[in-house]
Amino acid sequence: MLVLGRKPGEFVMIGDDIMVKVVRSEKGDLRLAIHAPESVKITRGEIYGESDVQTNAMGRAKGS
Numbered sequence: 075m076l077v078l079g080r081k082p083g084e085f086v087m088i089g090d091d092i093m094v095k096v097v098r099s100e101k102g103d104l105r106l107a108i109h110a111p112e113s114v115k116i117t118r119g120e121i122y123g124e125s126d127v128q129t130n131a132m133g134r135a136k137g138s
């Protein structure tokens with residue numbers, strides 16, 4: 075895992091077509107702007123975790 079420190083206005087590039095820019099950074103609050111092709115799925119961590127739990131539960135139910 076790569077860990078970077080960025081200030082508001084700074085950005086990182088992922089490959090040639092994904093840019094993650096720090097828009098605002100205040101105590102306990104971080105705002106990011108993500109520019110990516112429409113084909114790239116972007117999911118917040120708390121939603122991603124929930125979907126994993128739901129997918130695993132559905133898989134267990136089908137196997138029962």
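Numbers given in our numbering equal positions in the sequence shown, counted from 1, plus 74. Glycine included, each C-beta is placed from N, C-alpha and C at the ideal position. Computed from a prediction, not measured in an experiment: that's the story for all the values here.
From residue i to residue j, what does the alpha carbon distance come to, in whole angstroms?
i, j, result
"Val114", "Ile88", "12 Å"
"Val97", "Glu120", "21 Å"
"Val94", "Ile116", "12 Å"
"Asp90", "Lys101", "31 Å"
"Ile92", "Glu112", "11 Å"
"Ile108", "Arg118", "12 Å"
Among the options, which one has its Cα closest to the Cα of residue i?
i, options, result
"Ala110", "Gly102, Leu76, Val86 and Leu78", "Val86"
"Asp103", "Tyr122, Glu124, Glu112 and Lys81", "Lys81"
"Gly181", "Arg118, Tyr122 and Leu106", "Since the first residue shown for the chain is 75 and the last is 138, residue 181 is missing from the structure and cannot be characterised."
Can you tell me which of the three DSSP states residue i falls into?
i, result
"Glu112", "coil"
"Glu120", "helix"
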